[in-house]
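Heads up: the structure comes next, in structure tokens.
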Amino acid sequence: MAEKLLMRALAGETLPVPPAWMMRQAGRYLPEYKATRAEAGDFLSLCYNPDLAAEVTLQPIRRFGFDAAILFADILLVPQALGADLWFVTGEGPRLSTIEGMDGVRALKPAEDVHETLAPVYETVRILARELPSDVALIGFAGAPWTVATYMIAGRGTPDQAPAHALKDGERAAFDALMARITEATVHYLSAQIEAGAEVVKLFDSWAGSLKGDDFDRYAVQPARAIIAALKARHPDVPIIAFPREAGDGYVGFARATGADCVALDNSVSAEWAAREVQKDGCVQGNLAPGHMVTGGQPLIDDVRRIREAFSGGPHIFNLGHGITPDASPDNVALMLETLREG
Ligand code: CP3
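Note that our numbering gives residue 248 to position 218 of the sequence shown, counting from 1, and the numbers run on in steps of one.
So this is what it looks like as structure tokens:
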């Protein structure tokens, strides 16, 4: 059997048609997802139900024929496994108990204990490794330490990550201890996903863009580098995708600085710029604006062609610049793939 397209792109091969998948491809824009979530009861119950989590992972593969499946779980399961309370408020998003300084960090569980809570996720991975079509690659994931820390400190999503910046700048030792604990937990979590059958892992640093100056190196580059080094020591053949979202100029050299095999790009940077400045170091992923999945039509077609063309000189994985939104139309997803794969 020829190697999967996604693995070939990650190994540095330039392909005539790039492999494609979509962030949040299993999600509320799909009626079958909503039905399975209702069967599970709620979002977190779905994450911890291996049969149903595997089912929603497979739904977009069956419907659209993506080249990769991403494990259905959430980046906030790691804080929960470290002892934080976690719940989701419908229509609003996640809520967590907050970390208030060094005492809060000390009260967290040891990093190696995360497996107790996360074992069902590894079972989801094992089911998927058995059930996925043989040409579809299985991607595991975790949040990067800074992004996870922003939720643990604020107890919710924040527009500017102000509470996390305040702890970082005001109580550096506590902040660094928290980052270290998350980093260690993430290595345990991703290693276990790989041992269960994940072929690729991705680190989501959704709030990397708010780290400026030296902070970007210290809290986006260095933690990614530490996690990637630890994973490569245990699993040298498993490629790693890093997504320092809205890093801007920080994307340049990110793969070299961290050891990532691929850098995922958001849609605030142009594909033409990224092809010159980022793809010169290896595989890139991205970066269609997710809004096209709502609006569709000729602008969608034109942008898919433009992005494919811009990245055609090197290894590329086609994706959105961020997750697909609940108001998107499945027809536009099909149109995106049809356009990408046309002659
Ligand atoms: O991409 C996938 O399809 C795989 C599963 C996945 C989810 N979340 C499922 C999910 C992945 C990879 C994530 C990552 C994630 N989770 C990130 C990083 C990527 C990004 O989007 O920037 C972040 C920041 C989170 C935390 C999180 N989870 C938030 C802020 C929210 C609420 C916002 C929202 O979209 O509802 C979630 C909920 C969530 N995670 C949903 C899904 C499908 C929606 C929950 C539902 O069904 O009601």
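Ideal Cβ positions, reconstructed from N, Cα and C, are used throughout, including at glycine.
Nothing here was measured: the structure is a model prediction, and the numbers come from that model.
Collapsed DSSP secondary structure at phenylalanine 205 in the structure displayed: Taking the first residue of the sequence shown as 1, we reach residue 205 at position 175. DSSP places phenylalanine 205 in helix when its eight states are reduced to three.
For methionine 132 and alanine 203, believed in contact at Cβ under 8 angstroms, the rounded distance: Numbered from 1 along the sequence shown, position 173 holds the residue referred to as residue 203. Numbered from 1 along the sequence shown, position 102 holds the residue referred to as residue 132. The Cβ separation is near 7 angstroms, so the contact holds.
Supposed contact pair leucine 82 and threonine 66 - C-beta distance, whole angstroms, cut 8 angstroms: Residue 66 sits at position 36 when you count from the first residue of the sequence shown. Residue 82 sits at position 52 when you count from the first residue of the sequence shown. Sure, about 5 angstroms apart at Cβ, within 8 angstroms.
Cβ-Cβ distance between valine 282 and glutamate 307 below 9 angstroms: The residue labelled residue 282 in the question sits at position 252 within the sequence shown. The residue labelled residue 307 in the question sits at position 277 within the sequence shown. Yes.
Local conformation of arginine 275 per DSSP, three classes: Numbered from 1 along the sequence shown, position 245 holds the residue referred to as residue 275. If DSSP states are grouped into helix, strand and coil, arginine 275 belongs with coil.
Three or more C-beta pairs below 8 angstroms linking the stretch 347-367 and the stretch 52-59: yes
Other residues of its chain near aspartate 165: CB distance less than 7 angstroms, five sequence neighbours each side excluded: As a working note, residue 165 is residue 135 in the sequence shown. So the qualifying residues of the chain are Lys34.
Cα-Cα separation, valine 293 to leucine 367: For the purposes of this step, residue 293 is identified with residue 263 of the sequence shown, where counting begins at 1. For the purposes of this step, residue 367 is identified with residue 337 of the sequence shown, where counting begins at 1. Distance between the alpha carbons of valine 293 and leucine 367 is about 21 angstroms.
DSSP state of asparagine 362 mapped onto helix, strand, coil: Taking the first residue of the sequence shown as 1, we reach residue 362 at position 332. In the structure shown, asparagine 362 sits in a helix (DSSP, three-state: H, G or I).
DSSP bridge partner residues for isoleucine 317 (one or two, in chain order): As a first step, residue 317 must be located in the sequence shown, where it is residue number 287. According to the sequence displayed, residue 317 carries asparagine and not isoleucine. According to DSSP, asparagine 317 bridges with Asn349.
Check: glycine 316 C-beta below 8 angstroms from any heavy atom of ligand 1: Working through the sequence shown from its first residue, we reach residue 316 at position 286. No, the beta carbon of glycine 316 sits no closer than 8 angstroms to any heavy atom of ligand 1.
Contact test: phenylalanine 73 Cβ vs ligand 1 heavy atom, cutoff 8 angstroms: Counted from its first residue, the sequence shown places residue 73 at position 43. Yes; taking the cut-off as 8 angstroms, the Cβ of phenylalanine 73 has a heavy atom of ligand 1 nearer than that.
Stretch pair the stretch 139-150 + the stretch 213-230: three plus CB contacts closer than 8 angstroms: yes
Opening and closing residue of the alpha helix (DSSP H) in which lysine 232 lies: Taking the sequence shown and counting its residues from 1, the one referred to as residue 232 is at position 202. Taken as a continuous stretch (DSSP letters only), lysine 232 belongs to no alpha helix (DSSP H), being part of the beta strand (DSSP E) at 230-235.
Presumed contact (8 angstroms Cβ cut-off) between leucine 126 and alanine 114, rounded CB distance: Position 96 of the sequence shown holds residue 126. Position 84 of the sequence shown holds residue 114. Rounded, the Cβ-Cβ distance is 5 angstroms, consistent with contact.
CA-to-CA distance, glycine 173 to lysine 242, given in whole angstroms: Against the sequence shown, residue 242 aligns to sequence position 212. Against the sequence shown, residue 173 aligns to sequence position 143. Rounded to whole angstroms, lysine 242 to glycine 173 spans 19 angstroms at the Cα level.
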